[in-house]
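For reference, the structure discussed in these notes is given below.
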Amino acid sequence: MNRYNRLIAISILCAGIFIGGYFSNKLPVNAEMFKANDSIELMADNPCETILSDQENQLYTLVMEYRKSKGLPDIPVSPSLSFVAKTHVRDLEKHNFSGRCNMHSWSSDGKWSSCCYTSDHARAKCMWDKPRELTDYTGHGFEISTAVYGALMTPQQALRSWQSSAPHNAVMINHGIWKSHPWKAIGIGMYGKYAVIWFGKEVDSCSKPAVDKPLE
Numbered sequence: 002m003n004r005y006n007r008l009i010a011i012s013i014l015c016a017g018i019f020i021g022g023y024f025s026n027k028l029p030v031n032a033e034m035f036k037a038n039d040s041i042e043l044m045a046d047n048p049c050e051t052i053l054s055d056q057e058n059q060l061y062t063l064v065m066e067y068r069k070s071k072g073l074p075d076i077p078v079s080p081s082l083s084f085v086a087k088t089h090v091r092d093l094e095k096h097n098f099s100g101r102c103n104m105h106s107w108s109s110d111g112k113w114s115s116c117c118y119t120s121d122h123a124r125a126k127c128m129w130d131k132p133r134e135l136t137d138y139t140g141h142g143f144e145i146s147t148a149v150y151g152a153l154m155t156p157q158q159a160l161r162s163w164q165s166s167a168p169h170n171a172v173m174i175n176h177g178i179w180k181s182h183p184w185k186a187i188g189i190g191m192y193g194k195y196a197v198i199w200f201g202k203e204v205d206s207c208s209k210p211a212v213d214k215p216l217e
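Right under this line is the structure:
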C-alpha cells in the first residue's frame with residue numbers, strides 16, 4: 002500500500018475502529034425490533050434496481066442538508082453503492098464483528114472476498130474493491146459505519162455519530178485529505194443496529210434508485 006492510500010485508510014478508518022469497538026454487540030437485539038423494517042429491506046438481485054428504504058432516504062436527506070450547510074453540493078445516490086451498503090449492514094448484523102475485526106470486516110458467507118479488517122489497515126483493499134466485486138461500479142468504495150446498543154439505528158443517530166467523529170465528518174464534508182475527492186456517488190445502508198455510507202469518486206452508470214414505499 003503506498004503512502005497516499007495508507008493516509009486515506011487511516012483517516013477514514015481510525016474513527017471507524019473506535020466506533021466499531023465502542024459499540025460492539027454486548028447486548029443482543031430483540032427480534033421484535035426488526036418487524037418495522039423486515040418487509041421494506043428486501044434486496045434486489047440486480048444492483049441497478051436497488052431502492053432506498055424510507056429510513057435510508059431520510060439519512061441521505063440529512064447528510065445532504067448537512068453538506069448544504071457547508072456550501073457543498075448534493076451527491077447523487079448510487080444504486081450500486083447502495084447495494085454494497087445494504088449488503089454490508091446485513092453481513093454486519095449477522096456476524097457482529099467486534100474487537101480485533103472492526104466494522105469494515107466482511108464474512109465468508111457471500112459472493113465477496115472475506116476479511117477481518119484490523120487496525121493496521123492491512124486489508125484496506127478489501128473495502129476499496131467491494132463495489133467492483135458486487136456490482137459494475139468501476140471505482141473504489143470508501144465506507145463510514147456506526148452502530149448502536151440494543152436498538153434499531155435511526156438516521157438522526159447515525160448522522161450525529163459521524164458528525165462527532167472528526168475523520169468521519171471529514172469524509173462527509175470533504176475536509177482535509179478528502180478536499181480533493183469530489184464525491185460523485187453515494188450509497189446508503191441501514192439495518193438493525195447498523196448504518197453505513199459508501200462514497201465514490203466515479204459516477205454510477207445506474208440511474209438514481211427509487212425510494213421504497215413506507216409500510217402501511
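Going left to right, the sequence shown walks through residues 2 to 217 as my numbering numbers them.
Where is the CB? At the ideal position from N, CA and C, for every residue including glycine.
Keep in mind that this is a model prediction, so the values were computed, not measured.
So, do the region 184-194 and the region 90-108 have three or more beta carbon pairs nearer to each other than 8 Å? yes
Apart from the five residues on each side of it in sequence, which residues of its chain come closer than 7 Å, Cβ to Cβ, to Pro-1? An answer regarding residue 1 cannot be provided, because it is not within the stretch 2 to 217 covered by the chain.
How is Glu-144 classed by DSSP in three states: helix, strand or coil? strand
Whole runs of the alpha helix (DSSP H) within the region 81-139, excluding any shorter than 4 residues: Segments of the alpha helix (DSSP H) lying fully in the region 81-139: 125-129 and 131-135.
Mark Gly-72 as exposed unless 16 or more other C-beta atoms lie within 10 angstroms of its C-beta, in which case mark it buried. In summary, Gly-72 is exposed, with fewer than 16 beta-carbon neighbours lying within 10 Å of its beta-carbon over all protein chains present.
Gln-158 versus Leu-53 - alpha carbon distance: For Gln-158 and Leu-53, the distance between alpha carbons rounds to 18 Å.
Helix, strand or coil for Gly-201, going by three-state DSSP, please let me know. strand
If you draw a straight line from the alpha carbon of Ala-45 to that of Ala-167, how long is it in whole angstroms? 34 Å
To the nearest angstrom, how far is it from the Cα of Ile-178 to the Cα of Trp-107? 26 Å
What first and last residue would you give for the beta strand (DSSP E) that runs through Ala-186? 186-192
Residue of Met-154, Lys-209, Leu-135 and Pro-183 minimising C-alpha distance to Val-197: Met-154
State whether the region 97-111 contacts the region 67-82, with contact taken as three or more CB pairs (one from each stretch) at a distance under 8 Å. no
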